[in-house]
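Chemist: Provided herewith is a single structure, encoded as structure tokens, for subsequent inquiry.
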Amino acid sequence: MDPLFLAISLYRRRKLEECVELCTQLLDKNPYDQATWSLKTKALTEQVYVDEIEVDEEGISELMMDDNAIATVARPGTSFQRPATNSGGPSPNVRPTTQSGRPVTGFTRPGTQSGRPGTMEQALKTPRTAHTARPVTSASGRYASMLSTADGPFINVSRLNLNKYASRPNLAKTLFEYIFHHENDVRTALDLAAAATEAAQYKDWWWKVQIGKCYYRLGLFRDAEKQFKSALKQQETLDIYLYLCKVYVKLDQPLAAIEVYKEGLEKFAEESSLLTGIARIYEGLNDMENSIKFYKNVLKSDNMSVEAIASIATHYFYTDQPEVALKFYRRLLQMGVSNAEMYNNLGLCCFFAQQYDMVLTCFERALSLANDENVADVWYNIGHVALGIGDMSLAYQCFRLTLANNNDHAEAYNNLGVLEMKKGRIEQARAFFQASFNLTPHMFEPHFNFAILSDKIGDLQHSYNSVRRSLEAFPEHTDSKELFKVLREQFATL
Amino acid sequence: MAEITSREESKGYQDYEGNKKWLNAHYDPLASLYTFSQCIALSDINADGENKLIIADLGTGTYDMKLKVYRGTSLMSENAIIDLPTGVVTFYMDLTEPRTPAIAVASGSFIYIYKNLRPYFKFTLPSLPIDEKEESAWIQAKDDLIDVSVLREILDGLRSKGVILTVRSMKFLRLPPHELSTFVTLHKNSPLKMQTVVTCLETLKKSHSEDDAISCLVLGTEHLAIYILDPEAFTILTKIDIPAVPVFLSVNGLYDVDYRIVVACRNGAVYSLKRGSEVKKPVFQLSAQPVGLQRIGKNIVVACMDQTLQCYSTKGNKLWLIRMPADILTMEAMEDKQKGFKGVLVGIENHEVHVYRDKYLVNVIKTEDAVTGIKFGKFGREDSTLVMTTKGGSLLIKMLKRTAKFEEKDATTSSGPPASQQQKLNVPKKTKLFVDQTLRERNNCVVMHQQFQHDLYRIRLEAARNYAESLNKSLNPISTNPQEPLKLSVHVNGIGPMFKLIVQLQNTSLNSPSVGLFLTFHFDSSLYSVEKTLIPVPFLVPGLNYTFESYVECKSDKGISDTIKAYLCRRSSSTPIITGIINMPVSESIIVS
Chain A
1 MDPLFLAISL YRRRKLEECV ELCTQLLDKN PYDQATWSLK TKALTEQVYV DEIEVDEEGI
61 SELMMDDNAI ATVARPGTSF QRPATNSGGP SPNVRPTTQS GRPVTGFTRP GTQSGRPGTM
121 EQALKTPRTA HTARPVTSAS GRYASMLSTA DGPFINVSRL NLNKYASRPN LAKTLFEYIF
181 HHENDVRTAL DLAAAATEAA QYKDWWWKVQ IGKCYYRLGL FRDAEKQFKS ALKQQETLDI
241 YLYLCKVYVK LDQPLAAIEV YKEGLEKFAE ESSLLTGIAR IYEGLNDMEN SIKFYKNVLK
301 SDNMSVEAIA SIATHYFYTD QPEVALKFYR RLLQMGVSNA EMYNNLGLCC FFAQQYDMVL
361 TCFERALSLA NDENVADVWY NIGHVALGIG DMSLAYQCFR LTLANNNDHA EAYNNLGVLE
421 MKKGRIEQAR AFFQASFNLT PHMFEPHFNF AILSDKIGDL QHSYNSVRRS LEAFPEHTDS
481 KELFKVLREQ FATL
Chain B
1 MAEITSREES KGYQDYEGNK KWLNAHYDPL ASLYTFSQCI ALSDINADGE NKLIIADLGT
61 GTYDMKLKVY RGTSLMSENA IIDLPTGVVT FYMDLTEPRT PAIAVASGSF IYIYKNLRPY
121 FKFTLPSLPI DEKEESAWIQ AKDDLIDVSV LREILDGLRS KGVILTVRSM KFLRLPPHEL
181 STFVTLHKNS PLKMQTVVTC LETLKKSHSE DDAISCLVLG TEHLAIYILD PEAFTILTKI
241 DIPAVPVFLS VNGLYDVDYR IVVACRNGAV YSLKRGSEVK KPVFQLSAQP VGLQRIGKNI
301 VVACMDQTLQ CYSTKGNKLW LIRMPADILT MEAMEDKQKG FKGVLVGIEN HEVHVYRDKY
361 LVNVIKTEDA VTGIKFGKFG REDSTLVMTT KGGSLLIKML KRTAKFEEKD ATTSSGPPAS
421 QQQKLNVPKK TKLFVDQTLR ERNNCVVMHQ QFQHDLYRIR LEAARNYAES LNKSLNPIST
481 NPQEPLKLSV HVNGIGPMFK LIVQLQNTSL NSPSVGLFLT FHFDSSLYSV EKTLIPVPFL
541 VPGLNYTFES YVECKSDKGI SDTIKAYLCR RSSSTPIITG IINMPVSESI IVS
């Protein structure tokens, strides 16, 4: 068999390492074989290829040193920083929040863990005490260049004559992808793309998209926007719409992004990736009703979308319809999603939908599947079930176990504090509450509980301060408002 | 310049419905007036038919106190006042033509009388008897029989017994030790005097009730007394002792016939004084400190610090109470004789002035700033003028439109259930699924319960096992042992390869300190090197947070990370008391590529 044909076959069957090996042998015989060279670059790229659109964890430095944000105080509902209040968004009383104070999403993806932190210290502290340590820059978040070959690099990028390759479109494209993905050298990739687009007399949309991608990586979002828009004029492809929306999200212009998604939908009707994008943006703006509407639309065209099913299920769970949520989670289970989180959610749904025979079986399964990262959350939820059936000692043990597995679990600290308060151990309870609100200042519960505790022992000054912090975190909390009113009256009366 | 811009600004407020009843006459945001309703008066002090605005400005509160007189929109004269003014009134003190009223300014323990804007007379409140022991102590100090520390001890003892001391003694007690002797040498030769301070000032017509009849001055003092002064000779006509410090007065009647003085006191008690009667019990007791008192007809309206406006009858029966949206700053009566309107103006914190007729809100005026001083009356030649000063020191003058009518809106809407009762709650419908599931639950209740109990035992066992394991390994960051009430939390700062570990320790007990502890770290020595592997922990005082720090260097540049454990141990035992687990972030030594 022709070795090149075999190599292509290996590439198609994704036996990439064998393909690379074979290509290396061929190139040893004939170093100027362009087809083999091109195949080898492709195989090497494929080994480290990640989807540019989906996988994009924002690093700390991008978050903090973001000079693209247009308005520091945007109008409510027009920015991710200031989601519209009272726009049908879930109240933190019902739907818990993530570490940055956003309602939890049904599906974890890059960027759902936290919004933009307010201060540098918060930015450095919050994600790093959490289990998911956030990279400092998105550049170091990619470990593409970690793979090294034994006999030196395949292509020495710094010595390439870029202009020569730019004029050969068949080689340039594979070379670009190699530099961009495998070498992670965005600057050189940009030089090559710029030379190539010039050689193509600015008529090749593909190169414009690549330049846009490079600009995006370099943080030049306005330039990226121009390139994508220009490419879109020549050729309407789905990718370009998605990239353009990513740029708008980066620029914190959610409404513009939705606009672009909707334009895309006119060309690519019912396209699930566009619909999912809109749903995500509404979710980021705390507009759950619209978000769920679009997730449901996603399911109409793609009924296997894990993200849509999980998000809808979470929404139903937190809007007091656990039985519907249960149905969606069962669907996920049938689709083969089987992990600790899944069983944990099923257990909770069963418990709140009163299907008691299934509850603990699910949690047992979750515990056996859990790893170091999520076992704390499973114990925390078992603790909730224990609270629900009134078994305080089991609840106490579960919350303790949560803390043993994750020292920064603020919710567990808070619940332990409440349990200690019930037992009448004031000092312990106070320590737990303090630990809780030191870890997550945006949660209102520990502040409120601390206020109640201080109020009970007659420390009105502390109580007043705490209840004010609680109201800062959650201005509509009725109990806090009541306590605040009572305290005010007590301070005013003679 | 200021006026032009201010008109622009106030355009927005002009659109507001309540403001349409008023004409904007003058607005000066830079008037820099710091004053209250009690220190504002409107009167024709030159007898030329035009009322002037007299304001006692509190200045900065320590100096720059001034008596300012406005004629129209311009400042006519300024007189300096020595002490903080507490009240300003104008009154006719004689029958000489032309009839020019005098201005009385209460300040410190004096009443300054101005006539034709010139100082005319100073009335000093009578000095009070001094406690014998205090007097003898000062005499001894003067003759150098006792030294300053002994003097201080004597005075301190007197004060703690509840004796009311003179101002000099109070000042002396307040001084730091090294200034005591200079203070004594400076003051010991002047005679000791017990002086009181005027807290409020009002007028009372003497024998005729005409507008320009001669009036007496009524004033309340810090030493629990109300004085009525004769306007011609400035002698004390009557002195009435009351049980609390008076802060607001409301006077009507004639001195020679019959009069009634309603006094609101600082402790919230309200007393009613009549000619020739003794004061025994308060007419009523308020729920909070008063911030304003007015008599409207036969009712007493009081504004209180708990954001309420309360109305009582003269006999002390509570008639109504209204809650305000914010704290009340001041209150003033509003009487328009032509329209026969009587009401109260209430200045509140949220930049509004409310007008109440009885308990009905008839008008809301929005202003740019919170109003602290209000006066309603004749200014210039205009009968119904509203003068307001704000917290920021601006001066607003508004005139009531002749066509303005105040209508009671709440009279009809206040009855019936509140509107919120009609709102529907957003309760999700029970789905068919839910009904099916309840059916299943009903049919299989026994099996389900048994299964649940069975599982519950298993999970309890599992939890207990894990819990026991974590106890054995002391994995918890908060100790479960009541003998060792300790809490530990660890943070990592830095981006690598150098990190800073910050360990916080707290003794959570009430009163048992911890001693003899040390901190140590457990880590993979091929990956990390810790600067301080052992940190001795000092004596831990209960309740305080102790912070310890150590640098950690990551040796690897492969982008791998590990956990570091922080142990808090006791020297005598090999198992740690509590443990903190730190998930180290990936070291960022490879950022620059």
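If you read the protein sequences in the order shown, they are chains A and B.
The opening residue of the first sequence carries number 1 in UniProt numbering; numbering runs sequentially from there.
The opening residue of the second sequence carries number 1 in UniProt numbering; numbering runs sequentially from there.
Note that beta-carbon positions come from the ideal geometry of N, C-alpha and C, so glycine has one too.
#1: Nearest chain A C-beta to B:Thr508 closer than 8 Å, yes or no?
#2: With DSSP run on the structure shown, which of helix, strand or coil describes B:Ile82?
#3: Which one of B:Gly292, B:Leu229, B:Asp212, B:Met93 has the shortest CA to CA distance from B:Leu219?
#4: Buried or exposed: where does A:Met146 fall if 16 or more other Cβ atoms within 10 Å of its Cβ makes it buried?
#5: Can you name the start and end residues of the alpha helix (DSSP H) that B:Lys159 belongs to?
#6: For a test of the three-state rule: what should DSSP assign to A:Leu244, helix, strand or coil?
#7: Identify the contact partners of B:Lys487 in chain A, using a Cβ-Cβ distance below 8 Å as the criterion.
#8: How should B:Lys280 be labelled, buried or exposed, when 16 other C-beta atoms within 10 angstroms of its C-beta is the threshold for buried?
#9: Examine chain B for any beta-carbon lying closer than 8 Å to the beta-carbon of A:Ile211, and answer yes or no.
#10: Measure the C-alpha to C-alpha separation of B:Ser550 and B:Val515 and round it to an integer number of angstroms.
#11: Are the beta-carbon atoms of A:Tyr316 and A:Val324 separated by less than 8 Å?
#12: Determine the extent of the beta strand (DSSP E) in which A:Thr402 is found, giving its start and end residues.
#13: For the putative contact between A:Gln354 and B:Gln437, defined by C-beta atoms under 8 Å, what is the C-beta separation to the nearest angstrom?
#14: Strictly under 8 Å for the Cβ-Cβ distance: is A:Thr108 near chain B by that measure?
#15: Can a CB atom of chain B be found closer than 8 Å to the CB of A:Lys296?
#16: Relative to the alpha-carbon of B:Val198, which residue among B:Arg357, B:Ile226, B:Val364 has its alpha-carbon at the smallest distance?
#17: Should A:Gln397 be flagged as near chain B, meaning a C-beta pair shorter than 8 Å?
#18: Helix or strand or just coil, what does DSSP make of B:His449?
#19: Run down chain B in chain order and give the residues with a C-beta less than 7 Å from the C-beta of A:Thr361.
#20: If we call anything under 8 Å between Cβ atoms a contact, is B:Tyr70 one with B:Leu58?
#21: So, helix, strand or coil for A:Met335, using DSSP?
#22: What residues from chain A crowd round B:Leu475, counting only those whose CB sits closer than 7 Å?
#23: Does the beta carbon of B:Asp131 come closer than 8 Å to any beta carbon on chain A?
#24: Check A:Ala224 in the structure and name its three-state DSSP category.
#25: Is the Cβ of A:Ala279 closer than 8 Å to any Cβ of chain B?
#26: Within the continuous beta strand (DSSP E) that includes B:Asn545, where are the two ends?
#27: If you measure beta-carbon to beta-carbon, which residues of the segment 420-439 of chain B are closer than 7 Å to chain A?
#28: Kindly say whether B:Thr412, judged by its beta-carbon, lies nearer than 8 Å to any beta-carbon of chain A.
#29: In or out: B:Met170 buried (at least 16 other Cβ within 10 Å) or exposed?
#30: Please state the DSSP three-state secondary structure of A:His181.
#31: Alpha carbon to alpha carbon, how far is B:Thr35 from B:Asn252?
#32: With 7 Å as the limit, tell me which residues of the segment 310-341 of chain A have their beta carbon closer than that to any beta carbon of chain B; keep them in chain order.
#33: Rounded to whole angstroms, what is the Cα-Cα separation between B:Glu232 and B:Asp256?
#34: Can you find a C-beta in chain B that's less than 8 Å from the C-beta of A:Asp357?
#35: Give me the Cβ distance between B:Cys39 and B:Ala56, rounded to the nearest whole Å; I'm assuming they're in contact under 8 Å.
#36: With 8 Å as the limit, tell me which residues of the segment 444-478 of chain A have their beta carbon closer than that to any beta carbon of chain B; keep them in chain order.
Modeler: A quick look at the data gives this:
#1: yes
#2: coil
#3: B:Leu229
#4: For A:Met146, the predicted structure reports a pLDDT of 39, less than 50, and the residue's modelled location is therefore unreliable. A value from the coordinates is still provided. Flag for A:Met146 reads exposed.
#5: The sequence as given places Arg at residue 159 of chain B; Lys does not occur at that position. Here the alpha helix (DSSP H) through B:Arg159 covers 148-160.
#6: helix
#7: Ala431, Ala435
#8: exposed
#9: no
#10: 21 Å
#11: yes
#12: Here A:Thr402 belongs to no beta strand (DSSP E); instead the alpha helix (DSSP H) covers 392-405.
#13: 7 Å
#14: no
#15: no
#16: B:Ile226
#17: yes
#18: helix
#19: Asp455
#20: no
#21: coil
#22: Ala404
#23: no
#24: helix
#25: no
#26: 545-554
#27: Pro428, Thr431, Leu433, Phe434, Gln437
#28: In this prediction, B:Thr412 scores a pLDDT of 46, lower than 50, which makes its location untrustworthy; the coordinate-derived value is nonetheless stated afterwards. It does not: the Cβ of B:Thr412 has no partner Cβ on chain A nearer than 8 Å.
#29: exposed
#30: helix
#31: 25 Å
#32: Thr319, Asp320, Gln321, Glu323, Val324, Lys327
#33: 15 Å
#34: yes
#35: 4 Å
#36: none
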